[in-house]
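Counting from 1 along the sequence shown, just add 2 to a position and that's the residue number in my numbering. Backbone N, C-alpha and C fix where the C-beta goes; we use that ideal spot for every residue, glycine too. A quick write-up on the structure given underneath.
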Amino acid sequence: MSGTSSRARGALRAVWHAIVTMPRPARFLLVALAAAAAFVAVIVPLFSSGGAPRAEIAGQLPQTVAAGHTVQANIALDNVGDSIIYPVCVVMSGDGATLASADFQGLDHVTASGNRVCGGQLTGQETIGITIQFRLSHRGNTHVQLVPQQGNAVIGPAFAGTVGVT
3 MSGTSSRARG
13 ALRAVWHAIV
23 TMPRPARFLL
33 VALAAAAAFV
43 AVIVPLFSSG
53 GAPRAEIAGQ
63 LPQTVAAGHT
73 VQANIALDNV
83 GDSIIYPVCV
93 VMSGDGATLA
103 SADFQGLDHV
113 TASGNRVCGG
123 QLTGQETIGI
133 TIQFRLSHRG
143 NTHVQLVPQQ
153 GNAVIGPAFA
163 GTVGVT
(Lines of atoms letter the chains of each structure in order from A and count residues from 1; the text may use other names and numbers.)
(Lines give C-alpha, C1' and ligand atoms only; values in the text may rest on other atoms or scores of the structure.)
Protein backbone atom coordinates (compact mmCIF):
# COMPACT_ATOMS: atom_id res chain seq x y z
CA MET A 1 0.00 0.00 0.00
CA SER A 2 2.79 2.44 0.88
CA GLY A 3 4.53 1.67 -2.43
CA THR A 4 1.39 2.64 -4.34
CA SER A 5 0.90 5.87 -2.40
CA SER A 6 4.56 6.86 -2.80
CA ARG A 7 4.30 6.26 -6.58
CA ALA A 8 1.15 8.39 -6.69
CA ARG A 9 2.89 11.19 -4.76
CA GLY A 10 5.84 10.97 -7.13
CA ALA A 11 3.53 11.20 -10.15
CA LEU A 12 1.73 14.21 -8.65
CA ARG A 13 5.06 15.94 -7.98
CA ALA A 14 6.13 15.33 -11.57
CA VAL A 15 2.86 16.77 -12.93
CA TRP A 16 3.09 19.78 -10.58
CA HIS A 17 6.71 20.40 -11.62
CA ALA A 18 5.72 20.25 -15.30
CA ILE A 19 2.92 22.80 -14.73
CA VAL A 20 5.09 25.16 -12.67
CA THR A 21 7.90 25.16 -15.24
CA MET A 22 5.53 25.84 -18.17
CA PRO A 23 5.66 29.27 -19.81
CA ARG A 24 3.00 31.64 -18.44
CA PRO A 25 0.79 31.64 -21.62
CA ALA A 26 0.73 27.82 -21.60
CA ARG A 27 -0.33 27.77 -17.91
CA PHE A 28 -3.04 30.33 -18.67
CA LEU A 29 -4.31 28.17 -21.55
CA LEU A 30 -4.31 25.08 -19.30
CA VAL A 31 -6.34 26.89 -16.61
CA ALA A 32 -8.77 28.21 -19.25
CA LEU A 33 -9.27 24.70 -20.66
CA ALA A 34 -9.86 23.31 -17.16
CA ALA A 35 -12.43 26.05 -16.45
CA ALA A 36 -14.20 25.41 -19.77
CA ALA A 37 -14.31 21.67 -19.07
CA ALA A 38 -15.77 22.31 -15.61
CA PHE A 39 -18.42 24.61 -17.13
CA VAL A 40 -19.39 22.03 -19.73
CA ALA A 41 -19.52 19.22 -17.17
CA VAL A 42 -21.65 21.12 -14.64
CA ILE A 43 -23.74 23.72 -16.47
CA VAL A 44 -24.58 22.23 -19.87
CA PRO A 45 -26.63 19.28 -18.47
CA LEU A 46 -28.90 21.83 -16.78
CA PHE A 47 -29.99 23.06 -20.20
CA SER A 48 -30.53 19.60 -21.59
CA SER A 49 -33.82 19.25 -23.40
CA GLY A 50 -33.19 15.74 -24.61
CA GLY A 51 -35.13 12.58 -24.11
CA ALA A 52 -38.44 11.45 -25.47
CA PRO A 53 -41.34 13.84 -24.84
CA ARG A 54 -43.90 12.49 -22.35
CA ALA A 55 -47.10 14.09 -21.10
CA GLU A 56 -50.16 13.19 -19.08
CA ILE A 57 -53.64 14.66 -19.01
CA ALA A 58 -55.57 15.03 -15.76
CA GLY A 59 -58.96 16.53 -15.05
CA GLN A 60 -62.62 15.68 -14.93
CA LEU A 61 -65.22 15.39 -17.63
CA PRO A 62 -68.82 16.39 -16.86
CA GLN A 63 -71.04 13.53 -15.66
CA THR A 64 -73.97 14.44 -17.91
CA VAL A 65 -74.46 16.79 -20.85
CA ALA A 66 -77.33 17.68 -23.16
CA ALA A 67 -76.98 16.22 -26.65
CA GLY A 68 -75.69 18.75 -29.19
CA HIS A 69 -74.87 21.46 -26.63
CA THR A 70 -71.32 22.77 -26.27
CA VAL A 71 -69.87 22.12 -22.82
CA GLN A 72 -66.54 22.89 -21.18
CA ALA A 73 -64.08 20.75 -19.26
CA ASN A 74 -60.94 21.94 -17.50
CA ILE A 75 -57.93 19.68 -17.89
CA ALA A 76 -54.26 19.91 -17.00
CA LEU A 77 -51.52 18.81 -19.37
CA ASP A 78 -48.35 17.86 -17.50
CA ASN A 79 -44.99 17.49 -19.22
CA VAL A 80 -43.58 14.60 -17.18
CA GLY A 81 -40.35 14.46 -19.22
CA ASP A 82 -37.37 16.75 -19.58
CA SER A 83 -37.79 17.68 -23.23
CA ILE A 84 -39.65 20.63 -24.69
CA ILE A 85 -43.04 19.75 -26.19
CA TYR A 86 -43.90 21.89 -29.22
CA PRO A 87 -46.58 22.08 -30.43
CA VAL A 88 -48.77 20.86 -27.56
CA CYS A 89 -51.81 19.06 -28.99
CA VAL A 90 -54.87 17.34 -27.54
CA VAL A 91 -56.98 14.92 -29.59
CA MET A 92 -60.52 13.88 -28.62
CA SER A 93 -62.25 10.68 -29.64
CA GLY A 94 -65.58 9.05 -28.80
CA ASP A 95 -68.92 8.20 -30.45
CA GLY A 96 -70.49 11.48 -31.48
CA ALA A 97 -67.75 13.53 -29.79
CA THR A 98 -66.78 16.79 -31.49
CA LEU A 99 -63.98 18.93 -30.10
CA ALA A 100 -64.88 22.55 -30.90
CA SER A 101 -62.01 24.59 -29.42
CA ALA A 102 -59.64 25.00 -26.50
CA ASP A 103 -58.19 27.80 -24.39
CA PHE A 104 -54.55 27.18 -23.49
CA GLN A 105 -53.72 28.88 -20.16
CA GLY A 106 -56.64 31.24 -20.80
CA LEU A 107 -54.45 33.06 -23.36
CA ASP A 108 -54.57 31.12 -26.63
CA HIS A 109 -58.04 30.38 -28.03
CA VAL A 110 -57.63 27.70 -30.71
CA THR A 111 -60.38 26.31 -32.94
CA ALA A 112 -60.26 22.54 -33.33
CA SER A 113 -59.67 20.84 -36.64
CA GLY A 114 -60.47 17.15 -36.97
CA ASN A 115 -61.13 16.75 -33.21
CA ARG A 116 -57.66 18.12 -32.49
CA VAL A 117 -56.31 21.37 -31.01
CA CYS A 118 -52.69 22.52 -30.85
CA GLY A 119 -51.26 25.53 -29.09
CA GLY A 120 -48.16 26.68 -27.27
CA GLN A 121 -45.28 24.71 -25.86
CA LEU A 122 -44.31 23.05 -22.59
CA THR A 123 -40.84 23.00 -21.08
CA GLY A 124 -39.64 20.07 -18.98
CA GLN A 125 -41.77 19.34 -15.90
CA GLU A 126 -44.21 22.18 -16.71
CA THR A 127 -48.01 21.89 -16.37
CA ILE A 128 -50.59 24.03 -18.16
CA GLY A 129 -54.34 24.38 -17.81
CA ILE A 130 -56.52 23.85 -20.87
CA THR A 131 -60.26 24.50 -21.10
CA ILE A 132 -61.76 22.39 -23.87
CA GLN A 133 -65.15 23.05 -25.47
CA PHE A 134 -66.86 20.03 -27.00
CA ARG A 135 -70.22 18.55 -28.03
CA LEU A 136 -71.60 15.04 -27.73
CA SER A 137 -74.39 14.08 -30.12
CA HIS A 138 -75.28 10.43 -29.34
CA ARG A 139 -77.69 9.91 -26.44
CA GLY A 140 -76.74 7.43 -23.75
CA ASN A 141 -73.32 6.86 -22.24
CA THR A 142 -70.40 8.01 -24.38
CA HIS A 143 -66.82 6.91 -23.72
CA VAL A 144 -64.59 9.95 -24.36
CA GLN A 145 -60.79 9.90 -24.69
CA LEU A 146 -58.29 12.76 -24.71
CA VAL A 147 -54.79 11.98 -25.95
CA PRO A 148 -51.72 14.24 -25.54
CA GLN A 149 -49.63 14.71 -28.67
CA GLN A 150 -46.60 16.61 -29.91
CA GLY A 151 -47.61 17.40 -33.44
CA ASN A 152 -48.88 14.04 -34.76
CA ALA A 153 -46.94 11.88 -32.27
CA VAL A 154 -48.74 10.43 -29.25
CA ILE A 155 -46.67 11.27 -26.16
CA GLY A 156 -48.69 9.83 -23.31
CA PRO A 157 -51.57 7.69 -22.14
CA ALA A 158 -55.16 8.50 -23.02
CA PHE A 159 -57.29 10.26 -20.41
CA ALA A 160 -60.71 8.61 -20.56
CA GLY A 161 -64.13 8.99 -19.01
CA THR A 162 -67.77 8.16 -19.59
CA VAL A 163 -70.26 10.97 -20.03
CA GLY A 164 -74.03 10.55 -19.90
CA VAL A 165 -75.73 12.29 -22.82
CA THR A 166 -79.40 13.24 -22.41
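Return the first residue and the last residue of the beta strand (DSSP E) that residue i is part of.
i	result
V92	V90 to S95
V2	Missing from the structure shown is residue 2; the chain here goes from 3 to 168 and no further.
A60	A57 to G61
Have a look at the DSSP bridge pairing and note the partners of residue i.
i	result
F161	L148
I21	Answer by DSSP bridge pairing: none, since I21 is not bridged.
I need the straight-line Cα distance from residue i to residue j, nearest angstrom please.
i	j	result
R15	V46	33 angstroms
F106	C91	10 angstroms
I21	G12	14 angstroms
I134	S95	13 angstroms
A102	A38	52 angstroms
G5	H19	21 angstroms
V82	P89	15 angstroms
V42	A36	10 angstroms
Over what stretch of residues does the alpha helix (DSSP H) that includes residue i continue unbroken?
i	result
L109	Careful: L109 lies outside any alpha helix (DSSP H) and carries neither H nor E.
Pull up the CB-CB distance for residue i and residue j, whole angstroms please, since I reckon it's below 8 angstroms.
i	j	result
T100	R137	5 angstroms
For this session: Entirely within the region 110 to 144 and at least 4 residues each: give me those alpha helix (DSSP H) ranges in chain order.
Result: Along the region 110 to 144, the alpha helix (DSSP H) does not occur as any fully enclosed run of 4 or more residues.
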